[in-house]
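See below for the structure under consideration.
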Amino acid sequence: MATTTPSPRGANRSLARTCRRGAILLLLSASAAMHAETSAPPTVELRLQNHLFEPSEIHIPAHTKVRLLIHNLDSTLEEFESWDLNRKKIIFGNHSATVFIGPLAPGTYRFFGEFNPKTALGRLVVQ
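If you want my numbering, it's the position in the sequence shown, counting the first as 1, plus 9.
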């Protein structure tokens with residue numbers, strides 16, 4: 010039986026192919042990471058203190074996804090809720106939470122604190 014040994018030339022080609030594939034994957038990964046960093050949605054901060062949202066009215070651009078960062082400065086928990094936005098998020102006292110909203114059509118969207126609905130009121134105005 011004759012045995013064949015792989016030629017060094019064939020091994021070099023295989024190694025070169027593997028290196029090219031690895032380089033392409035690395036470039037694609039780097040490109041995706043850079044794109045993710047540049048396309049992060051803008052952040053709008055909202056504070057909840059003494060069972061009041063501050064500011065009580067937020068303005069954002071139409072057709073844009075926005076990261077709403079809510080800081081609950083009270084010692085009690087609150088539930089950020091909006092029927093208009095179809096969002097609900099429990100935020101423990103002295104903690105923060107993130108809610109993503111949009112992209113939205115122009116209009117006014119109401120939100121409130123579930124546990125203090127008479128005082129924790131706000132509006133999101135999309136222009």
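For glycine and all other residues, C-beta sits at the position ideal for the given N, C-alpha and C.
The residues Gly102, in chain order, have a CB closer than 6 angstroms to that of Thr85 in the same chain once the five nearest residues on each side in sequence are set aside. DSSP lists Leu57, His104 as the beta-bridge partner residues of Asn81. For the options Asp83, Pro126, Ala114, the alpha carbon positioned closest to that of Ile100 is the one of Asp83.
About 11 angstroms separates the beta carbon of Leu94 from that of Ile69, a gap too long to meet the 8 angstroms contact definition. When secondary structure is reduced to three states using DSSP, Ser23 falls in the helix class.
Of all alpha-carbon atoms in Arg26, Ser91, Asn21, Leu24, the one lying nearest the alpha-carbon of Thr117 is that of Ser91. Take Gln58, set aside five residues on each side of it, and the residues of its chain with a beta-carbon closer than 8 angstroms to its own are Leu82, Asp83, in chain order.
Within a 10 Å sphere around the beta-carbon of Ile67 sit 16 or more other beta-carbons, which makes this residue buried.
For His68, the uninterrupted beta strand (DSSP E) run begins and ends at 66-69, by DSSP.
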